[in-house]
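Undergrad:
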Amino acid sequence: MALVFSGVTIPVSTIDWYGRSASVIFFNGCNFKCLYCSNNKFIEVANRLEPLFKKGSVVDIEEIEKQILDTKSFISAVVFSGGEPTAHPEELEHLARFAKAQGLLVGVETNGYYPERLGKLIQEKLLDKIFLDIKAPPGDAQRYSMVTGGIRDAAGHALRSLALKGVAVEVRTTVFRSLADVSGIAKSLEGRDCTYVIQQGIPEYAPDEKLRKEKPFTREELAALAKSVAFLKDVRIRTREKGEERIVRVD
Ligand code: SF4
Numbered sequence: 078m079a080l081v082f083s084g085v086t087i088p089v090s091t092i093d094w095y096g097r098s099a100s101v102i103f104f105n106g107c108n109f110k111c112l113y114c115s116n117n118k119f120i121e122v123a124n125r126l127e128p129l130f131k132k133g134s135v136v137d138i139e140e141i142e143k144q145i146l147d148t149k150s151f152i153s154a155v156v157f158s159g160g161e162p163t164a165h166p167e168e169l170e171h172l173a174r175f176a177k178a179q180g181l182l183v184g185v186e187t188n189g190y191y192p193e194r195l196g197k198l199i200q201e202k203l204l205d206k207i208f209l210d211i212k213a214p215p216g217d218a219q220r221y222s223m224v225t226g227g228i229r230d231a232a233g234h235a236l237r238s239l240a241l242k243g244v245a246v247e248v249r250t251t252v253f254r255s256l257a258d259v260s261g262i263a264k265s266l267e268g269r270d271c272t273y274v275i276q277q278g279i280p281e282y283a284p285d286e287k288l289r290k291e292k293p294f295t296r297e298e299l300a301a302l303a304k305s306v307a308f309l310k311d312v313r314i315r316t317r318e319k320g321e322e323r324i325v326r327v328d
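Counting with the numbering used here, you get residues 78 to 328 for the letters of the sequence shown.
What follows is the structure, given as structure tokens:
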């Protein structure tokens, strides 16, 4: 099976799934066009991060399987990322099944646009964790559409993904000064059993010209944002300088 795949992988990552070593497999392409997405410069990003990344192009799915087998003794999980992995449901399911057969946990980093595809993976017991990007308050469809480059029904789909049961969920938001509405997003998570990660937006990767001129949030500013939503049980920040840090923890 040929896989529509960027060819970019991180064989062993300790930052994509907190507390675990995981292989990260990047699918190509996305149905959104987020203002801050670095996807359009995907290969350049890969080059910049060499040697962590092994870059390539569209590859056979067997090659991905081989990589999972090669790294199996160093990892406990596989994370499918992108682009948008759920835009390739057959390949995603095939690889998730393969990873599970190796005794590995499976996570998917997603924009949440295809809740029914995530639901199918849960039903088939092929998914252990969803890393769900929530880009604006889901109750604000207009703002959500603006951030995602005009996807008018994005907010509704994300809400349906957020409501999925039977799987651990980590919600993530990438923040820029002109886009951050952490408090609005956090309110939509109140009472839900999920982790919330506030990620430092990196202006130089953003396709949007205005965002590229912004000053990124500092670690201290992000920590303050996290503390401002301490009504949630588990809030973390992720920065270039320090990686992921837990700021709020309520047991
Ligand atoms: S959903 Fe993710 S991969 Fe897709 S455009 Fe937005 S940031 Fe990029």
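Even glycine gets a Cβ: it sits at the ideal position worked out from N, Cα and C.
By Cβ distance below 8 Å, which residues in the same chain neighbour LEU302 in space, the five residues on each side in sequence not counted?
TA: Correct list, in chain order: VAL252, ALA257, VAL259, ILE275, PHE294, ILE314.
Undergrad: In the DSSP assignment, find the beta strand (DSSP E) that holds ALA62 and state where it starts and stops.
TA: The question about residue 62 has no answer here: the residues shown for the chain are numbered 78 through 328.
Undergrad: Quick one: Cα of LYS264 to Cα of ALA307, how far?
TA: Cα to Cα, LYS264 sits roughly 11 Å from ALA307.
Undergrad: Sorted by chain position, which residues of the same chain lie with C-beta nearer than 8 Å to LYS292's C-beta, five sequence neighbours on each side aside?
TA: Answer for LYS292: ARG254, PRO280, listed in chain order.
Undergrad: In angstroms with no decimal places, state the Cα-to-Cα distance between PHE103 and GLY96.
TA: The straight-line gap from Cα to Cα measures roughly 20 Å.
Undergrad: Could you tell me the distance, in whole angstroms, from the CA atom of ASP93 to the CA atom of LEU181?
TA: Each residue's alpha carbon lies about 15 Å from the other.
Undergrad: With a CB to CB cut of under 6 Å and the five nearest residues on each side skipped, what residues in its chain are close to ASN124?
TA: For ASN124, the predicted model reports a pLDDT of 41, less than 50, meaning its position is unreliable and no value from the coordinates is stated.
Undergrad: With burial defined as no fewer than 16 other Cβ atoms inside 10 Å of the residue's Cβ, what is the status of LEU146: buried or exposed?
TA: When all chains shown are included, LEU146 counts as exposed.
Undergrad: Is DSSP giving GLN200 helix, strand or coil here?
TA: DSSP places GLN200 in helix when its eight states are reduced to three.
Undergrad: Could you tell me which uninterrupted beta strand (DSSP E) segments, each at least 3 residues in length, are contained entirely in the stretch 172-225, listed from first to last along the chain?
TA: As far as the stretch 172-225 is concerned, its whole beta strand (DSSP E) runs of at least 3 residues are 182-187, 206-210.
Undergrad: Inspect the beta-carbon positions of ILE138 and VAL89 and report whether they are closer than 8 Å.
TA: Not in contact: ILE138 and VAL89 (Cβ atoms no closer than 8 Å).
Undergrad: Would you check if there are 3 or more beta carbon pairs closer than 8 Å linking the stretch 190-205 to the stretch 153-173?
TA: Result yes; three or more Cβ-Cβ pairs closer than 8 Å.
Undergrad: Consult DSSP for TYR282 and reduce its assignment to one of helix, strand or coil.
TA: TYR282 falls in the helix class under three-state DSSP.
Undergrad: Where do the ends of the alpha helix (DSSP H) carrying VAL354 lie?
TA: Residue 354 is absent from the model: the chain starts at 78 and stops at 328.
Undergrad: Within the continuous beta strand (DSSP E) that includes GLU233, where are the two ends?
TA: In the sequence under discussion, the amino acid at residue 233 is Gly, which differs from the Glu named in the question. Premise fails: GLY233 lies in the alpha helix (DSSP H), 231-239, not in any beta strand (DSSP E).
Undergrad: Pull up the CB-CB distance for VAL183 and ALA154, whole angstroms please, since I reckon it's below 8 Å.
TA: Rounded, the Cβ-Cβ distance is 7 Å, consistent with contact.
Undergrad: Would you say the beta carbon of GLU247 comes nearer than 7 Å to a heavy atom of the ligand SF4?
TA: No - the ligand SF4 has no heavy atom lying nearer than 7 Å to the Cβ of GLU247.
Undergrad: In the DSSP output, which residue or residues are listed as bridge partners for ALA99?
TA: In DSSP, ALA99 forms a bridge with SER90, ALA154.
Undergrad: What's the gap between the Cα of GLY216 and the Cα of SER150?
TA: Cα to Cα, the separation comes out at about 43 Å.
Undergrad: Going straight from the alpha carbon of GLY133 to that of GLU193, what length do you get?
TA: Bear in mind that the predicted position of GLY133 carries a pLDDT of just 48, short of 50, making it unreliable; the figure below should be weighed with that in mind. Their backbone Cα atoms lie some 30 Å apart in a straight line.
Undergrad: I'd like the span of the beta strand (DSSP E) that includes ASP270, first residue to last.
TA: Per DSSP, ASP270 belongs to no beta strand (DSSP E) and is neither H nor E.
Undergrad: For the beta strand (DSSP E) containing ALA245, list its first residue and its last residue.
TA: Per DSSP, ALA245 belongs to the beta strand (DSSP E) from 245-252.
Undergrad: Note down, one range per segment and in chain order, each alpha helix (DSSP H) of at least 4 residues found wholly within the stretch 288-326.
TA: Fully enclosed alpha helix (DSSP H) runs of 4 or longer: 296-304.
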